[in-house]
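**Student:**
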Amino acid sequence: MKRYMKYIKPYAAAFILAPLCMLTEVFGEIMLPKLMSMIVNRGVAQRDLSYIIGVGAVMVVFSMLMALGGVGGAYFSSKASICFTSDLRAELFAKVQKFSFKNIDQFSTGSLVTRLTNDIQQIQNVTMMGLRMMFRAPGMLIGALIMAFIMNKRLAFVILIVIPFLALAIAGILKTAFPRFTQMQKKLDRLNSGIQEALTNVRVIKSFVREDYEKERFTGMNRDLKESSLSAMNIVIMTMPVMMLAMNITTLAVVWYGGNIIIAGDMAVGDLTAFTTYIVQILMSLMMLSMVLLQSSRAMASVRRINEVMDTVVDLTDENASRKELLVSRGKVEFRDVSFSYHEDAGEKVLKQISFSVEPGQTLGIIGATGSGKTTLVQLIPRLYDVSEGSVLVDGVDVREYALENLREGVGMVLQKNVLFSGTIEENLQWGRENATEKDLREAAESAQADGFIMAFAEGYQKDLGQGGVNVSGGQKQRLCIARALLKRPKILILDDSTSAVDTATEARIRECFATALKSTTKIIIAQRISSVEEADKILVLDEGRIIGVGSHKELMEQCQAYQEIYYSQRDREKEVSA
Ligand SMILES: Nc1ncnc2c1ncn2[C@@H]1O[C@H](COP(=O)(O)OP(=O)(O)O)[C@@H](O)[C@H]1O
Ligand SMILES: [Mg+2]
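All you need for our numbering is the position in the sequence shown, starting with 1, plus 25.
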């Protein structure tokens, strides 16, 4: 709760004014029946028209005040709840942006989306409702009770007898409703996550012809939600008629008992009408209270889920970096006895005692089976993950001593699962460097062998890529990603299997361009094909997280059996293809 004060504070005025405005409404609601009874008791009974007009005028004033209060209450509660949750949402989004790769691994995208949208909305609804009901429900309950007692103590006792029974009934309803609503929220989460996943991966689903499976999975989740919602709603449905029944029985009791009192001459007729109104008000306020409690229980689940994100410790920061001013200037990379695992408690490490170094301007090739740890290894250089043991040095300085921004500015990386964003090609390339000129863009695109196909589009660099770059082929996408990384003019360029969908001839031209245009840039190239790394100054052969061979192509062909095996199997396959 304390954490939320920070977001409430800027809107403190609205948070205070909203319930206060509602108080005028409470006051009016309590006073109107009393005034009405005065009109009946004296104005009507004694045929005193001027009295009726006088009291009527007061009633009009009260009604207008109530309307004003009602509008004010609605306005301030909307303002308070909408503004406060908007800030909260912004903060939550900012927090997620700060997440390290490791943090992101913990939450599914779907659940993060639900938290940012649905859960925030839930909190907003409850805040709005809570602010309006906070004083109104208890105010009406207490006010109506007091008025009833002032009017006639004996009759008021009838109400006092009914209230404990009602409170008990409501408590019982709430107690069954709480778990049902929690259940419903859980099912809703699952459905949201499921929808999110299915929609983001709709292409994969279609290509594997899994639509029916997905539809069935969705139907299952949808049915679960339907059933849990129905079971929760059944309780809510029950509440209303039970309350109405209680209200009518109480009213009857009051009218019967009150009638007796009136006949005995101890009470005026008008008081009885006021009394019945107060009964309705008391029951209404009890109902409002129960609704607020019910909604709150749902919101508490949302609050917990938002706290979960807020409380996640971003495990990778540069707060303790000692060389924050330092920029990557030369591009030397060195691994010293590096070991790594994704989870502290995981059995086998993904990387084991990795040591090697690359000089500025050199090219390092990395070869190894899928799952051997190639991607993991290069992700340690721009500190997407932190080493478990040992150290990674750039220009002789531990990467943990750099400001993250400076380090990542110096390291250009084309991720294995890289993505483009919706927008034009130009906009996407400018991600690499915001103020890049047209000449820069074309230069980078030429090096990445992308200029040719871009210019073949009628719109050229203004071609719209569509969401996630759907309008270009896999190989074209990879070349655009390389061009984007080149625009950063990094000191260290990492390509993680970034030319897998590019044909060998084009790939060779990219390599030629790199050799001339990126002379001083250190290049780290992960590849499946030996031909992609053959000319590298140094090649690492990885197997199950260990380096099992280091050297130039020539040296490895002489010394490393695993390398030879990969070489010959690829050569044989090529022969088969060309034959
Ligand atoms: N985010 C992750 N969380 C947990 N394990 C992972 C993660 N990414 C990769 N791994 C595991 O680490 C190992 C090495 O993966 P990776 O570095 O991607 O291999 P490569 O790039 O050589 O194919 C694999 O066993 C993989 O299952
Ligand atoms: Mg990989």
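Just so you know, even glycine gets a beta-carbon here, dropped at the ideal spot from N, CA and C.
(1) So which residues put a beta carbon under 6 angstroms from any heavy atom of ligand 1, going in chain order?
(2) Name the residue from Q306, T546, T139 and M153 whose alpha carbon lies nearest to the alpha carbon of M172.
(3) Could you tell me if the beta carbon of Q208 falls within a distance shorter than 7 angstroms of some heavy atom in ligand 2?
(4) Going by the CB atoms, is the gap between T449 and Q501 shorter than 8 angstroms?
(5) Give the straight-line distance between the Cα atoms of T388 and V566, rounded to the nearest whole angstrom.
(6) Which whole runs of the alpha helix (DSSP H) in the segment 571 to 597 are 4 residues long or more, in chain order?
(7) Roughly how many angstroms separate the alpha carbons of Y238 and F206, rounded to a whole number?
(8) Can we count D522 as close to ligand 2, meaning its CB is less than 7 angstroms from some heavy atom?
(9) Ends of the alpha helix (DSSP H) at Q553?
(10) Classify Q19 as buried or exposed, calling it buried when 16 or more other Cβ atoms lie within 10 Å of its own Cβ.
(11) Nearest-angstrom Cα distance between A278 and M272?
(12) Which first and last residues belong to the alpha helix (DSSP H) in which M209 is found?
(13) Where E599 and R433 are concerned, what is the direct C-alpha to C-alpha distance, given to the nearest angstrom?
(14) Please determine whether the Cβ atom of Q441 lies at a distance below 7 angstroms from any heavy atom of ligand 2.
(15) On the three-pair Cβ rule with 8 angstroms, is the segment 104 to 117 touching the segment 138 to 157?
(16) What are the residues that DSSP puts in a beta bridge with S364?
(17) Following the continuous alpha helix (DSSP H) through M91, name the residue where it begins and the one where it ends.
(18) Give the range of the beta strand (DSSP E) segment to which M438 is assigned.
(19) If D568 sits next to G393, beta carbons under 8 angstroms apart, how far is it from one beta carbon to the other, in whole angstroms?
(20) Name the two residues that bound the continuous beta strand (DSSP E) containing F381.
(21) Using a Cβ-Cβ cutoff of less than 7 angstroms, which residues in the same chain neighbour L10 once the five nearest sequence positions on both sides are dropped?
(22) Based on Cα-Cα distance, which residue from G197, Q441, L185 and Q320 lies nearest to T395?
(23) If you check the beta carbons only, do F300 and M176 fall under 8 angstroms apart?
(24) From the beta carbon of A289, is the nearest beta carbon of chain D less than 8 angstroms away?
**Tutor:** Let me lay it out:
(1) D130, Y367, V375, G393, T395, G396, S397, G398, K399, T400 and T401
(2) One-based indexing of the sequence shown puts residue 172 at position 147. Minimum Cα distance to M172 is reached at Q306.
(3) Taking the sequence shown and counting its residues from 1, the one referred to as residue 208 is at position 183. Q208: no, Cβ never under 7 angstroms from ligand 2.
(4) Locating residue 501 in the sequence shown gives position 476, counting from the first residue. Locating residue 449 in the sequence shown gives position 424, counting from the first residue. Not in contact: Q501 and T449 (Cβ atoms no closer than 8 angstroms).
(5) One-based indexing of the sequence shown puts residue 388 at position 363. One-based indexing of the sequence shown puts residue 566 at position 541. Approximately 14 angstroms between the Cα atoms of the pair.
(6) 578 to 584
(7) Reading the sequence shown from its first residue, position 213 is the one you call residue 238. Reading the sequence shown from its first residue, position 181 is the one you call residue 206. Answer to the nearest angstrom: the Cα atoms are 29 angstroms apart.
(8) The residue given as residue 522 occupies position 497 in the sequence shown. D522 Cβ: within cutoff of ligand 2.
(9) One-based indexing of the sequence shown puts residue 553 at position 528. Secondary structure note for Q553: it is in no alpha helix (DSSP H), with a DSSP letter that is neither H nor E.
(10) The shown model of the chain, from 26 to 604, leaves out residue 19, and the question about it has no answer.
(11) Numbered from its first residue, the sequence shown carries residue 278 at position 253. Numbered from its first residue, the sequence shown carries residue 272 at position 247. Taking the straight line from one Cα to the other gives about 10 angstroms.
(12) Against the sequence shown, residue 209 aligns to sequence position 184. For M209, the enclosing alpha helix (DSSP H) starts and ends at K178 to T225.
(13) To locate residue 599, count along the sequence shown from 1; it is residue 574. To locate residue 433, count along the sequence shown from 1; it is residue 408. Taking the straight line from one Cα to the other gives about 38 angstroms.
(14) As a working mapping, residue 441 is identified with position 416 in the sequence shown. Yes, Cβ of Q441 sits closer than 7 angstroms to a heavy atom of ligand 2.
(15) Three or more pairs of CB atoms, one per stretch, sit closer than 8 angstroms, so the segment 104 to 117 contacts the segment 138 to 157.
(16) The sequence position of residue 364 within the sequence shown is 339, counting from 1. S364 pairs with E414.
(17) On the sequence shown, residue 91 is found 66 positions in, with the first residue counted as 1. Counting along the chain, the alpha helix (DSSP H) containing M91 begins and ends at L74 to K123.
(18) Taking the sequence shown and counting its residues from 1, one reaches residue 438 at position 413. Per DSSP, M438 belongs to the beta strand (DSSP E) from V436 to V439.
(19) Position 543 of the sequence shown, counted from the first residue, corresponds to residue 568. Position 368 of the sequence shown, counted from the first residue, corresponds to residue 393. With 8 angstroms as the limit, D568 and G393 qualify as a contact, their Cβ atoms being about 6 angstroms apart.
(20) Here residue 381 is taken as the residue at index 356 of the sequence shown, counted from 1. Start and end: L376 to V383.
(21) It is not possible to answer for residue 10, since the shown part of the chain is limited to 26 through 604.
(22) Locating residue 395 in the sequence shown gives position 370, where the first residue counts as 1. Nearest of G197, Q441, L185 and Q320 to T395, Cα basis: Q441.
(23) The count along the sequence shown starts at 1 and reaches residue 300 at position 275. The count along the sequence shown starts at 1 and reaches residue 176 at position 151. Against a cut-off of 8 angstroms, the Cβ pair of M176 and F300 comes out as a contact.
(24) No chain D is present in this structure, which holds just one protein chain.
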